[in-house]
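Residue numbers (the numbering used here): 9 to 258.
Here the structure comes first, spelled out in structure tokens, and everything after it is commentary.
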Amino acid sequence: ALLWAAGAAFCVLTGVGLSRGLLSREPPCSDGGETLVGVWDARVQQAVRRAFVAANPAVAEYRFLRLTRSLDAYTADLRATHLDVCQATRVRREQSDTMFDLRTACLDRRRQELGAFTVLVAAGVDAPTMDRAVGSALDLVPVSVCSDKKALAEILPPPDDPARRKEVEAAVERVDGVRALDRLGRYAEALALAEEIVAGARSLDHPPLLAEALDALAHLQLGNGDGKRAEATLHEAVRAATRAHDDARV
């Protein structure tokens with residue numbers, strides 16, 4: 009009887025230990041909510057709200073609500089896709105590690121673009137810029153592009169050389185800054201920065217970067233009433249996109 013009791017107690021203790029181990033084990037995937045810190049979190053939202061109130065107190069709350077709805081929906085897509093990308097590789101085992109990396113890099117880029125926009129808005133806007141920010145939030149590159157596996161696989165990868173890769177990444181971040189300035193109607197600043205980025209992108213000779221920088225520049229030139237230069241820039245952008253295998257820009 010003593011042996012039976014001891015055995016039963018051992019089984020109970022072992023079962024409790026296993027249950028605790030299973031319960032304490034972290035899931036293999038998350039929705040990446042932590043990656044939105046400094047991009048669209050409570051602190052950034054409050055900074056944007058203060059900027060709106062300073063711009064036009066009469067309509068600030070309504071404008072802020074509209075912007076919040078748009079960006080909350082966008083970040084919900086980011087989080088859902090982040091979780092799906094991880095589960096596809098780590099849980100369902102239906103996606104390669106290479107595609108995991110490509111889709112993750114795409115999501116990182118979408119967050120970077122969003123952050124360039126929100127930080128700029130939070131830094132301060134006037135009344136017309138506030139209205140423009142609300143509308144242009146809908147023009148962010150859709151998160152769905154990060155699920156286009158064929159397109160992601162075809163675009164030329166970043167340079168292998170670490171130093172050159174770092175230069176390309178820095179330039180890409182500046183392109184996102186240009187697009188944020190453009191969305192807020194700060195065209196003179198955006199145009200000057202875009203021209204500078206294009207010059208640097210030509211020397212780096214990384215077609216995906218050059219295609220995107222030229223595309224941003226052409227959009228600004230057209231908006232500035234310089235249709236002839238915009239046409240020439242677009243032609244160069246298409247050539248660069250062809251070299252980059254970026255079908256979306258060809």
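Using N, Cα and C, we set each Cβ at its ideal position, and we do this for glycine too.
None of the values given here were measured: they were computed from a predicted structure.
The alpha-carbon separation between glutamate 34 and threonine 106 amounts to approximately 24 angstroms. Alanine 131 carries a coil assignment under DSSP once its states are collapsed to helix, strand and coil. Inclusion of threonine 112 and tryptophan 48 in the CB contact set at 8 angstroms is not warranted, their separation being larger than that value.
Within its own chain, no residue has a Cβ closer than 6 angstroms to the Cβ of aspartate 92 once the five positions on either side in sequence are excluded. Annotation: tyrosine 82 to glutamine 95 spans about 20 angstroms, alpha carbon to alpha carbon. In this structure, the alpha-carbon of leucine 160 lies about 45 angstroms from that of alanine 66. For histidine 214, the number of other beta carbons within 10 angstroms of its own is at least 16, and it is reported as buried.
Per DSSP, histidine 214 is not a residue of any alpha helix (DSSP H), being assigned neither H nor E. Taking each of Gln103, Ala131 and His90 in turn and checking the Cα distance to cysteine 114, the smallest one comes out for His90. Judged by DSSP in its simplified three-state form, leucine 201 adopts helix.
Within the same chain, and ignoring the five residues on either side of glutamate 69 in sequence, no residue has its Cβ closer than 6 angstroms to its Cβ.
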